[in-house]
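Numbering (full-length UniProt numbering), first residue to last: 1 to 151. We treat Cβ as the ideally placed atom computed from N, Cα and C, and that holds for glycine. None of the values given here were measured: they were computed from a predicted structure.
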């Protein structure tokens, strides 16, 4: 899995909550972000999806949360979903899919960027759904997407 986080390399160390906490954010959203900043969702193995149009800060927020988690000693994986599906298909071809799934399940937090940015064939979609469903009990996930729930 070549997406393992090295915080100094994979995540922008310049991304901070201060950058994200724009005065234009609604009060309710600010409260939710402050709660996320506590990282309790990781301890409670909760997952969430950041949905919105391009450029609103979904990836920035996910990156900041990943950096905070790394600084708190948590293990974090950050990857975009198109690359993840390619890696999953390659591991399946090499008969390494179970090893990949076990390794994927060991992270405290997995951040998956750009769900729906690229469509996948049936095999890619099935492998991804299987991986995500196995992950739901082993740790937290953050997924970013431009898609609405009806898609």
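Whole-Å CB distance - residue i paired with residue j, under 8 Å assumed
i, j, result
"residue 143", "residue 109", "12 Å between Cβ atoms; not a contact."
"residue 131", "residue 101", "6 Å"
"residue 39", "residue 50", "With a Cβ gap of about 16 Å, residue 39 and residue 50 do not count as contacting."
"residue 47", "residue 137", "10 Å between Cβ atoms; not a contact."
Whole-angstrom distance between residue j and residue i, CA atom to CA atom
i, j, result
"residue 152", "residue 56", "One cannot answer for residue 152 here, as it falls past the ends of the chain, which runs 1 to 151."
"residue 28", "residue 90", "42 Å"
"residue 66", "residue 95", "30 Å"
"residue 78", "residue 69", "12 Å"
"residue 145", "residue 73", "27 Å"
"residue 59", "residue 127", "23 Å"
"residue 121", "residue 87", "14 Å"
"residue 97", "residue 84", "12 Å"
"residue 45", "residue 129", "18 Å"
"residue 75", "residue 26", "31 Å"
"residue 31", "residue 81", "28 Å"
Residue range of the unbroken beta strand (DSSP E) whose run includes residue i
i, result
"residue 140", "140–145"
"residue 110", "109–115"
"residue 50", "48–51"
Where the alpha helix (DSSP H) containing residue i begins and where it ends
i, result
"residue 79", "Careful: residue 79 lies outside any alpha helix (DSSP H), inside the beta strand (DSSP E) at 76–80."
"residue 124", "122–135"
"residue 43", "40–43"
"residue 64", "58–71"
"residue 31", "27–37"
"residue 101", "97–104"
Contact test: residue i Cβ vs the ligand GDP heavy atom, cutoff 7 Å
i, result
"residue 35", "The ligand GDP is absent from the structure shown, which contains no ligand whatsoever."
Outcome for residue i when other beta-carbon atoms lying within 10 angstroms are tallied against a minimum of 16
i, result
"residue 34", "exposed"
"residue 140", "buried"
"residue 71", "exposed"
"residue 112", "buried"
"residue 104", "buried"
"residue 52", "exposed"
"residue 36", "buried"
"residue 123", "exposed"
"residue 118", "exposed"
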